Structures are given as C-alpha cells and as structure tokens.
C-alpha cells in the first residue's frame, strides 16, 4: 500500500457530535458491542469516533500502522468496498487481526470517501460473536457512509467559501492599500524631483560663480522642508505596507499567535482605509493598549473585516459621514467585542436571517450573502464563541461578540 502522509481534514465539533450519534445508533440497530468511524492519518488508522456504550472495548485515538496486513479496515481501504468477516478466528487470512485481541471476531465495514474519491476512512461494526447481516443492514451501513461523505463534502465547500471570502476581502485591501500608498509615494517622488531641480539650478549658479549667500540659504531651507515632507510621506507608506503585510500573512497562516488587540484593530482599519474614506466614515476604537489575545490573528481579522465591509455595503450604502464604534474588553480568557454603526439599520423581518448562508438584501449589486454567515461560523467553530445582533431601522446596528482564547 502506498504511503500517505497527507494531513487529514479538520472535522468541526458539530459534525463530530452528529457522527457520535450515528455510532451510538449503529450499536442498537445492528445489536453489536462496537461501532467505529476510523480515519486515515499519517500512515496510520486511528479510532476517530467510537460508540459510547460500555461494552465497546475500543479507545478513541487508538492507532494501528496502515501497513499491517491483518487490519480489517486496511482491506476496506485497499479494495474501496465493504468487507464482511464472519469469524476471524476461523479464517486463515484474519486470525492474526489485532481486533481479535479485544475478542472482536466479527466485522462489517464500509469505506468513507472524500470529494476527490480518496478514502477518508471507514465506518464499521464489530462483534465478539459470529453474526450474519441482512441485505437491508448492508444497505443501511452504506447509507450511513453516504451521509458521512455528504458531511465531508459540505465541510469542503464551507472551507472553499471561506477561502473565497478571504480572497475577496484581500482583493479589496490590495486595491485600497494601493490607492493609499500612491498618495504618499507620489508626494515623495514630486518632492525628490523638485529637490533635484533645485540642486541642479544651484550647481549651475555655483559653476558660473553667480551663487549668492541668499541663494544658498534659500536652497538649504527649501531642502530641509522637502526632506521633512519626503520622510513623513515615506514613513506613512512604510506603515501602510507593514500593516498590509502583517494582515496578509495572518490570512494565510493558520497558526495562533499573541497580539495586542488595540494595535491589531487599528491595523485592520488602516488596511481598509480607502473604502472607509470613500464613505467618509469615522471609526472609533475603544480598547486598552495593554489588552492582548492569543488566537489565529487571520480569523480575528476576518471577523472585523467582514463587519466593516458589511457596514460599508449595507449600513452606509446610501449614507456618508457615518460612524463605526468598536469597543473591546477582556474577562480572563474571554474577549468581549461590541461593534456599532449608525447606518441604515436592519429591517425587523430580516434580522433573524442575517447569519443565514447566501441571505442578502443586496444580490442585485453583487452581494454574496456569505459575509455574516462566515463571520458567525468562525466565531462559533474557531473561537467557541457567540455573536448576536440588535438593530433599529434607520438608526443603528450593534453586534455583540464573545471570543474565547483556546490554547
């Protein structure tokens, strides 16, 4: 069997809970002591989820090398079809199976495929007694397998949607930062051009012995002012580039890091400054400078970015001179955020649907209906947190968010 060191997909907690119910149900439906969902992970087969009945001898996380020819599940993975073993102890091929050490001599298993047709693992039932299974039971196990595959496919689609949303917001940042950087760089180029022109004129006067003390003093004063102007604008461009670079790196980095909340919120706002300035929106950040957070900074950035873009596209769609207020505090390992905008608000009949996938009141103008759905998804699944929204039409919208630091 060919080695595979591919990282297994990360399965969300809600899917795990659903699969746990499946294994518990299988034990009852098949009248067996053990039901398992096995996963391939780095050349090993591990018990991903086991039925929770006390008769089940398996332990979650138990691993066996995928190269072991005596594994029932290995055969399922190799053949890509179901396997039935009536009694391993009476079968030359299977009597050395490690499962027999747990007195599991009877096996029925079915492969689970990912969206690319590669085997994710298996779903199986085992018994300490000889058992035969009806065609209805075989079909039922296959249906369970199909349901698990549907969950994997949905997970893949969610991940792709999140990636597309990240790329879309990154694209807006690139356009905005390009516009913002062009201004200080343009001023700097103009300043340097003017300095070179002054230098050339002074040099010509010097060579012709026509340079007066007044000419020299004027040149020095103007050069000093130009130097200050060029330095301040290049410094501004450098700050913009650093901010954009950090946020861009965070978007592509899944590792957690410690970051200062206020500073990072300011960097996120700065990276969106072009869009914010177009609408003449004021952004106020109320957060103690000392507060910090240990988390995936890219996902945190995605939450704030989506909220700001939502305000720009919806709250301030037909309004300028608005205000966004972000309040941030911390209680032990919990970060509390409140996000206000004084835009158009949300209609009462829409308020209960704003976190639904693909729900948008702006589809005619290109709204995807993904921003707030993805935002809630990140908050709940990646931060074990919560988000709620209250709104008064034509007055204000407020999001209250709780994020947990998970170490």
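Residue numbers (the working numbering): 3 to 409.
Heads up, the beta-carbon is just placed ideally off N, CA and C, and yes, glycines get one too.
None of these values were measured; they are calculated from a predicted model.
Residue i in three-state terms, based on DSSP
i: residue 48; result: strand
i: residue 186; result: helix
i: residue 100; result: helix
i: residue 323; result: coil
i: residue 123; result: strand
i: residue 41; result: strand
i: residue 17; result: helix
i: residue 410; result: Look at the range of the chain in this structure, 3 to 409, and you will see that residue 410 is not part of it.
i: residue 296; result: strand
i: residue 333; result: strand
i: residue 259; result: strand
i: residue 264; result: helix
i: residue 6; result: Any reading at residue 6 needs caution, since the residue's pLDDT is 46, under 50, leaving its predicted position unreliable; the model's value is listed next. Three-state DSSP puts residue 6 in coil, outside helix and strand.
i: residue 68; result: coil
i: residue 393; result: strand
i: residue 12; result: coil
i: residue 311; result: helix
i: residue 247; result: helix
i: residue 208; result: helix
Cα-Cα separation between residue i and residue j, rounded to whole angstroms
i: residue 17; j: residue 79; result: 22 Å
i: residue 398; j: residue 242; result: 30 Å
i: residue 395; j: residue 389; result: 19 Å
i: residue 201; j: residue 219; result: 13 Å
i: residue 59; j: residue 169; result: 46 Å
i: residue 234; j: residue 402; result: 38 Å
i: residue 193; j: residue 229; result: 8 Å
i: residue 14; j: residue 377; result: 15 Å
i: residue 125; j: residue 339; result: 42 Å
i: residue 356; j: residue 132; result: 54 Å
i: residue 280; j: residue 373; result: 20 Å
i: residue 38; j: residue 408; result: 28 Å
i: residue 302; j: residue 353; result: 23 Å
i: residue 393; j: residue 264; result: 25 Å
i: residue 275; j: residue 111; result: 56 Å
i: residue 163; j: residue 156; result: 10 Å
i: residue 451; j: residue 385; result: Examination of residue 451 is not possible in this model, given that the chain is present from 3 through 409 alone.
i: residue 203; j: residue 185; result: 27 Å
i: residue 95; j: residue 102; result: 12 Å
i: residue 209; j: residue 223; result: 21 Å
i: residue 205; j: residue 188; result: 26 Å
i: residue 191; j: residue 180; result: 16 Å
i: residue 267; j: residue 113; result: 46 Å
i: residue 211; j: residue 251; result: 56 Å
i: residue 71; j: residue 145; result: 27 Å
Closer than 8 Å: residue i CB and nearest the ligand PLP heavy atom
i: residue 53; result: This structure lacks the ligand PLP; in fact it carries no ligand of any kind.
Outcome for residue i when other beta-carbon atoms lying within 10 angstroms are tallied against a minimum of 16
i: residue 86; result: exposed
i: residue 69; result: exposed
i: residue 304; result: buried
i: residue 12; result: exposed
i: residue 259; result: exposed
i: residue 289; result: buried
i: residue 334; result: exposed
i: residue 1; result: Outside the displayed range of the chain (3 to 409) lies residue 1, so it cannot be described from this structure.
i: residue 35; result: buried
i: residue 25; result: buried
i: residue 300; result: buried
i: residue 91; result: exposed
i: residue 195; result: exposed
i: residue 269; result: buried
i: residue 278; result: buried
i: residue 272; result: buried
i: residue 7; result: Low local confidence applies: a pLDDT of 47 at residue 7 is under 50, so the model's placement there is unreliable, and no value is given.
i: residue 41; result: buried
i: residue 119; result: exposed
i: residue 344; result: buried
i: residue 381; result: buried
Under 9 Å between C-beta atoms of residue i and residue j
i: residue 73; j: residue 43; result: no
i: residue 400; j: residue 336; result: no
i: residue 108; j: residue 129; result: yes
i: residue 160; j: residue 88; result: no
i: residue 93; j: residue 154; result: no
i: residue 342; j: residue 297; result: no
i: residue 127; j: residue 143; result: yes
i: residue 323; j: residue 284; result: yes
Cutoff 9 Å: residue i Cβ touching any chain B Cβ
i: residue 69; result: You won't find chain B in this structure, because it holds only one protein chain.
Next on the checklist: I'd like to know if the segment 44 to 60 and the segment 136 to 151 are in contact, where contact means that at least 3 CB-CB pairs between them fall below 8 Å.
Outcome noted: no
Item to check | Stretch pair the segment 293 to 303 + the segment 343 to 355: three plus CB contacts closer than 8 Å | outcome: no
Next on the checklist: For the structure I just gave you, are there three or more beta carbon pairs, one from the segment 325 to 345 and one from the segment 308 to 315, closer than 8 Å?
Outcome noted: A contact exists between the segment 325 to 345 and the segment 308 to 315.
Checklist entry - So does the segment 148 to 162 actually touch the segment 233 to 242, counting three or more Cβ pairs closer than 8 Å? => result Counting Cβ pairs under 8 Å, fewer than three are found: no touch.
Next on the checklist: If contact is defined by three or more beta carbon pairs under 8 Å, each pair taking one atom from either stretch, is the segment 24 to 37 in contact with the segment 52 to 66?
Outcome noted: Yes, the segment 52 to 66 touches the segment 24 to 37.
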